[in-house]
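If you read the sequences in order, they're chains A and B. Numbered according to my numbering, the first sequence spans residues 205 to 321. Numbered according to my numbering, the second sequence spans residues 138 to 444. Ideal Cβ positions, reconstructed from N, Cα and C, are used throughout, including at glycine. Below: the structure, in structure tokens.
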Amino acid sequence: MSDHSNNPSEHHDGPEGTAWIWKVFWILLAVTTVEVVLGIIKPEILLSQFLGTSLLNVIFIVLTLAKAYYIVAEFMHLGHERKNFIWTITLPIVILIPYLTFVLLTEGGYMGVLMNQ
Amino acid sequence: MANGAALEQNTSALWGGGRQPFGASYGKMMMWFFLLSDALTFSGFLTAMGLYRFKYEETWPIAENVFTHFPMLHGEHPLLFVALMTFILILSSVTMVLAVNAGHKNNHNGVVLWMGLTIVGGFMFLGSQAWEWYHFINGDKGAIQLEDNTIVYLTKTGSEGKILSVYELVTGVEKPHGDHTEFSTGDVVSAFGLNTDVTLRYPGKAETTMTREEAVKAFQTAKLIQGASLRENEYGNVLFADFFFFVTGFHGTHVFSGVVLNIIIFINVLMGTYKQRGHYEMVEKVGLYWHFVDLVWVFVFTFFYLV
């Protein structure tokens, strides 16, 4: 039997050329710039409470997830893989990490309340 | 004989390997599964930090008061240096995609150029991180540790909580750029006694300032802290320093091993290994690891420096 270990992956056609790469780069750069500018000036209006934290933090998290999406889907090419592969990789992450975050942050807040009693 | 034909089906074609259920080669699929587990490891670190941050919410240091330096620039520039580090890592991610792209076209020289630049970017990032650690470990303004291990800052009454550096209290002049003079607790205590307009302030969200009387009382058991280590941290809760060392250190280790892997593959590219093989998928596999390092930094940047 021949050795298959060096067989390349099935080729999934992504966009041609390199223009899309630079487009993703400008998106990532723009989002990072917005984050840094917001982080430096911290606009008063965005410091109001929202979803248990400040509106500004919610904006930071949304922008971070947008950057993560572009890196994974485009740079790591996952968006152009087969559907079963996409779900195999993303589902554990999408289920486990928010769950862990929710549990630990809730517990941490409660530990703080106990400590200050 | 329809039944016979079914029985004689070539089983080695079905089970003998060589088929790609996910349309990805074994190596590439396993790289993805490794990255999946690594993502969970990093989320373990970051959520554990979240746990203690929520517990010690009142005294948890605010990152923009901690990382304020920029090379060659005097004064305070929060976020600017990490923004530069993020930029370097994104750019090296772009050069990596360009290398993979050149590999798809079997463009040997393209792969050499873009992989080479990726390695340079990796070293630039590691250098920046060493610089950041150096400043964090050496400390900035210095702080006072109270008997219960709480960290408090020196401040002048009526200066709206502006942190007074230990250097300025002891010597009377503003702390020069890049100065790392070490003082003793005795120096600070005697200087505090002479400057009656100086008091103490809690860090973090609370930002309560003591009255001079409270500060004098607190100073009786005070200890001077300069810089940060795993045991003490002038910026506030010691766990902040611990998580800083573990999270950015673990990420930095990934960057370092990524650079090593990139160099190995780069040498293979130079030797023509993949030209001979007819495809550059190894570049794609180390590329996945390299992008993952960038991906993790995006989260470290947000949850350590921004939020």
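- A distance of 9 Å or more separates the beta carbons of F356 of chain B and F182 of chain B.
- For the pair M280 of chain A and I290 of chain A, the Cα-to-Cα distance works out to about 11 Å.
- Take the alpha-carbon of R190 of chain B and the one of W197 of chain B: they are about 6 Å apart.
- By DSSP's assignment, K293 of chain B forms a beta bridge with B:V335.
- Scanning chain A for C-beta atoms nearer than 8 Å to the C-beta of G253 of chain B yields nothing, as the closest lies near 17 Å away.
- Of all alpha-carbon atoms in B:H416, B:V444, B:G323, the one lying nearest the alpha-carbon of H241 of chain B is that of B:H416.
- With a beta-carbon spacing of about 7 Å, L432 of chain B and V276 of chain A fall inside the 8 Å limit used to define contacts.
- Below the 9 Å Cβ cutoff, chain A contributes no neighbours of T205 of chain B, its closest Cβ being approximately 11 Å away.
- Between the stretch 401-411 of chain B and the stretch 361-380 of chain B there are fewer than three inter-stretch CB-CB distances shorter than 8 Å, so the stretches are not counted as touching.
- Around N332 of chain B, the same chain offers L306 as residues with beta carbons nearer than 7 Å, after the five sequence neighbours per side are excluded.
- Within chain B, the C-beta atoms nearer than 8 Å to that of A272 of chain A come from L432, V435, F436, in chain order.
- Contact of E248 of chain A with chain B is not assigned, every C-beta pair being separated by 9 Å or more.
- Looking at the DSSP output, N370 of chain B shares a beta bridge with B:A365.
- Using a CB distance cut-off of 9 Å, V298 of chain A does not count as an interface residue toward chain B.
- Taking 7 Å as the Cβ-Cβ cut-off, the stretch 232-262 of chain A approaches chain B at L232, L233, T236, E239, V240, G243, I244, N261, given in chain order.
- Contact between the stretch 255-263 of chain B and the stretch 215-233 of chain B is present: three or more C-beta pairs spanning the two stretches fall below 8 Å.
- Of the residues B:N244, B:F171, B:G295, B:G276, the one whose Cα lies closest to the Cα of I362 of chain B is B:G276.
- Residues of the stretch 153-172 of chain B with a Cβ closer than 9 Å to any Cβ of chain A, in chain order: G153, G154, G155, R156, Q157, P158, F159, G160, A161, S162, Y163, G164, K165, M166, W169, F170, L172.
- Residues of the same chain with a CB within less than 8 Å of the CB of T358 of chain B, apart from the 5 flanking positions on each side, are L283, E284 in chain order.
- DSSP places A239 of chain B in no beta strand (DSSP E) but in the uninterrupted alpha helix (DSSP H) bounded by 217-241.
- Taking a Cβ-Cβ threshold of 8 Å, the residues of chain B close to G312 of chain A are G187, L188, Y189, R190, F191, K192, in chain order.
- Sequence-distant Cβ neighbours of F440 of chain B in its own chain, meaning closer than 8 Å and more than five residues away, are L183, M186, G187.
- Rounded to whole angstroms, the gap between the alpha carbons of V396 of chain B and M319 of chain A is 44 Å.
- When the five nearest sequence neighbours on each side are left out, the beta carbons in the same chain lying within less than 7 Å of the beta carbon of D334 of chain B are those of K293, T294, in order along the chain.
- For A280 of chain B, no alpha helix (DSSP H) run applies; the uninterrupted beta strand (DSSP E) run containing it begins and ends at 280-282, by DSSP.
- If the five residues before and after L267 of chain A are omitted, its C-beta is found closer than 8 Å to the C-beta atoms of V235, V238, E239, all from its own chain and listed in chain order.
- Legend: CB atoms of the stretch 394-425 of chain B lying less than 7 Å from CB atoms of chain A belong to residues R414, H416, E418, L425.
- A direct Cα-to-Cα measurement between F387 of chain B and K422 of chain B gives close to 21 Å.
- For S258 of chain A, the secondary structure class from DSSP, reduced to helix, strand or coil, is strand.
- Put simply, the stretch 307-327 of chain B does not touch the stretch 242-251 of chain B. Fewer than three CB pairs are less than 8 Å apart.
- Burial state of V234 of chain B is buried, judged by a 10 Å Cβ sphere holding 16 or more other Cβ atoms.
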